[in-house]
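Trainee:
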Amino acid sequence: VGGWTQEYAGLNFVSVRGAGHEVPLHRPKQALTLVKGFLSGTPMPDLKLVSDS
Numbered sequence: 001v002g003g004w005t006q007e008y009a010g011l012n013f014v015s016v017r018g019a020g021h022e023v024p025l026h027r028p029k030q031a032l033t034l035v036k037g038f039l040s041g042t043p044m045p046d047l048k049l050v051s052d053s
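Its first residue numbered 1, the sequence shown is counted upward by one per residue in the UniProt record's numbering.
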């Protein structure tokens, strides 16, 4: 599991497992996936698709 997302009242909370407060430093692949999705306006991805390998 890469993490999870939760949506409430139009806001999204994204947690990336094992990343702490510096996601790009500890989980660069997952961070890039999140940023790409945010900039393109697509829904938050299922973080299970971005593996640790």
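Built from N, CA and C at the ideal position, the CB exists for glycine as well.
1. Give the straight-line distance between the Cα atoms of residue 29 and residue 5, rounded to the nearest whole angstrom.
2. Expressed to the nearest angstrom, what Euclidean distance is found between the alpha-carbon atoms of residue 17 and residue 44?
3. At the level of alpha carbons, what is the spacing between residue 19 and residue 34?
4. Is residue 37 helix, strand or coil by DSSP?
5. Using CA atoms only, rank isn't needed, just tell me which of 21, 23, 12 is closest to residue 41.
Mentor: Let's see:
1. By 1-based counting over the sequence shown, the position of residue 29 is 29. By 1-based counting over the sequence shown, the position of residue 5 is 5. Computed Cα separation, rounded: 16 angstroms.
2. On the sequence shown, residue 17 is found 17 positions in, with the first residue counted as 1. On the sequence shown, residue 44 is found 44 positions in, with the first residue counted as 1. C-alpha separation (whole angstroms): 15 angstroms.
3. For the purposes of this step, residue 19 is identified with residue 19 of the sequence shown, where counting begins at 1. For the purposes of this step, residue 34 is identified with residue 34 of the sequence shown, where counting begins at 1. Rounded to whole angstroms, residue 19 to residue 34 spans 13 angstroms at the Cα level.
4. Mapped onto the sequence shown, residue 37 falls at position 37. Assigned with DSSP and collapsed to three states, residue 37 falls in helix.
5. Position 41 of the sequence shown, counting from 1, holds the residue named residue 41. Residue 41 has its Cα closest to that of 12, out of 21, 23, 12.
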